[in-house]
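Remarks on the structure that follows.
Numbering (the working numbering), first residue to last: -9 to 420.
Shown next, in the form of structure tokens:
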């Protein structure tokens, strides 16, 4: 791939059941941190933005990774009127435009609607005119509102109008579990925000015993316990053993030979792969599957952090890369366990530098977690600064993100296959 001239991020869009059903694309057409001698001269901002979108989805191959999800694509007036849209299939992209832009370019919007494009009408900026969108609602397939607008009651009449027209309601800025619950109760269909990645600690609630067993197994692995000690834990928990055998035999791991027993699994997987599998199992026990945004986010972080170091050092394996993968996955373990991160790290008996990375987000690995979070939020200014501090190129970041998204979706699909085979009775209750 040539030196990148774009930056992009995508944010999951969830339905009321908490499954990821779409993504919202955020993009920036200029390099994050090019050398001064390579500063681009952009004569046409529309062309630059179009190149960013095409690079993100067509040239990098991410269009094939959407699978059954749509991409919500924010457009300005120039992009809405450009020929770029001829290159984007209507069944994969929904066009996100402001209500003011629909009024100004109504004929163009109707033309695109007739070609099969779905429209996400962004009313988040209409603070003074929320209840008089009128004909704009008639064009909408999805109406986007800010969570705080909805909960304040500022747009109740507009919500009623959208309901009457059969328009889906989409809330952005849903960053707390209680906000998601309140909007779900109000009948919203789609939700964007990282409420699903926020730890919720409930006093007096006992942790799931199978999750505790996995944490303790991870701790034993890190303490270099022998196979007999590990096997003894599985033998006392047959459901955990079933999960092990199903998951490692799934397409997520693509092993050359089926695993027939725990002892065989230990021999074939090896300690490092067994540790990685157990980390994924934490999310499986939490209900993680193909459309689980938490599982996919954790896998993306793990692979992104590992691949950034691979790209930077040009080495395929190293202890630091293994630690980066582990820290990336465990960066959301507090959400899974409902514990403070410090308690999770103590239970795992992590080394001080790894514990510090997870709890305080310092040290190099902790800074990579912060980089992940900035990229997830589409905060390209912070990404640019961190990339400069960490001496990582824009190309390296985008390449790592492409690899992480593809890999996370492949593993998630494999996990979903293994869970589908487990049926109802053997699946652990969480």
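For glycine and all other residues, C-beta sits at the position ideal for the given N, C-alpha and C.
On the CB-based measure, 16 or more other CB atoms within 10 Å of its CB, does residue i come out buried or exposed?
| i | result |
| --- | --- |
| residue 339 | exposed |
| residue 425 | As shown, the chain starts at -9 and ends at 420. That puts residue 425 outside it, with no answer to give. |
| residue 404 | buried |
| residue 423 | Any property of residue 423 remains undetermined from this structure, which presents the chain solely from -9 to 420. |
| residue 79 | exposed |
| residue 392 | buried |
| residue 168 | exposed |
| residue 290 | buried |
| residue 251 | exposed |
| residue 199 | exposed |
| residue 313 | buried |
| residue 97 | exposed |
| residue 60 | buried |
| residue 27 | Reliability of the predicted coordinates at residue 27 is poor, the pLDDT of 43 falling under 50, and the value obtained from them is presented with this limitation in mind. Burial call: exposed. |
| residue 399 | buried |
| residue 318 | buried |
| residue 142 | exposed |
| residue 296 | buried |
| residue 155 | exposed |
| residue 16 | buried |
| residue 433 | Residue 433 lies beyond the stretch modelled for the chain, which goes from -9 to 420, so this question has no answer here. |
| residue 419 | Here the model assigns residue 419 a pLDDT of 30, short of 50, so the residue's position is not dependable and the matter cannot be decided. |
| residue 219 | exposed |
| residue 386 | buried |
Using the DSSP secondary-structure output, state which residues sit across from residue i in a beta bridge.
| i | result |
| --- | --- |
| residue 111 | 87, 133 |
| residue 362 | None; residue 362 has no bridge partner. |
| residue 14 | 1, 62 |
| residue 99 | According to DSSP, which records beta bridges pairwise, residue 99 is partnered with nothing at all. |
| residue 158 | 132 |
If you follow the beta strand (DSSP E) that residue i is in, where does it begin and where does it stop?
| i | result |
| --- | --- |
| residue 66 | No beta strand (DSSP E) holds residue 66; DSSP gives it neither H nor E. |
| residue 5 | -3 to 5 |
| residue 181 | 180 to 182 |
| residue 75 | Per DSSP, residue 75 belongs to no beta strand (DSSP E) and is neither H nor E. |
| residue 166 | From DSSP, residue 166 is part of no beta strand (DSSP E); its letter is neither H nor E. |
Could you spell out the range, first to last residue, of the alpha helix (DSSP H) harbouring residue i?
| i | result |
| --- | --- |
| residue 375 | 370 to 380 |
| residue 256 | 252 to 275 |
| residue 333 | 331 to 338 |
| residue 311 | 309 to 320 |
| residue 236 | 228 to 238 |
| residue 200 | 199 to 212 |
| residue 225 | 217 to 225 |
| residue 437 | This structure cannot speak to residue 437, because the chain is shown only from -9 to 420. |
| residue 342 | 342 to 349 |
Below 7 Å CB to CB, which residues in the same chain sit around residue i once its five sequence neighbours on both sides are set aside?
| i | result |
| --- | --- |
| residue 238 | 245, 249, 255, 259, 267 |
| residue 322 | 187, 284, 287, 288 |
| residue 365 | -1, 373, 391 |
| residue 164 | 137, 170, 173, 181, 182, 183, 185 |
| residue 2 | 10, 13, 283 |
Spatial neighbours of residue i within its chain, please: CB distance less than 6 Å, with the 5 preceding and 5 following residues excluded, ordered by chain position.
| i | result |
| --- | --- |
| residue 263 | none |
| residue 132 | 110, 158, 160 |
| residue 414 | The pLDDT assigned to residue 414 is 41, lower than 50, so where the model puts this residue is not dependable, and the model offers no usable value. |
| residue 397 | 293 |
| residue 361 | 376 |
| residue 337 | 205 |
| residue 417 | Its pLDDT being 35, under 50, residue 417 is placed unreliably by the model, and the measurement read from it follows with that caveat. Once the five neighbours on either side are set aside, residue 417 has no close Cβ partner at all. |
| residue 217 | 256 |
Round the Cβ separation of residue i and residue j to the nearest angstrom and send it over; I've been treating them as touching at under 8 Å.
| i | j | result |
| --- | --- | --- |
| residue 269 | residue 208 | 7 Å |
| residue 281 | residue 9 | 4 Å |
| residue 94 | residue 67 | 7 Å |
| residue 4 | residue 181 | 5 Å |
| residue 113 | residue 123 | 6 Å |
| residue 242 | residue 401 | 5 Å |
| residue 210 | residue 275 | With 8 Å as the limit, residue 210 and residue 275 do not qualify as a contact, their Cβ atoms being about 17 Å apart. |
| residue 326 | residue 272 | 5 Å |
Please go through the same chain and pick out, in chain order, the residues whose beta-carbon is closer than 8 Å to the beta-carbon of residue i, but skip the five residues on each side of it.
| i | result |
| --- | --- |
| residue 330 | 189, 191, 324 |
| residue 349 | 331, 332, 335 |
| residue 421 | Lying before the first or after the last residue shown, residue 421 is absent from the chain, which here runs from -9 to 420. |
| residue 6 | 174, 178, 179, 181 |
| residue 105 | 80 |
For the ligand ZN, is there any heavy atom lying closer than 7 Å to the beta carbon of residue i?
| i | result |
| --- | --- |
| residue 172 | Only the bare structure without any ligand can be found here, which leaves the ligand ZN out of the picture. |
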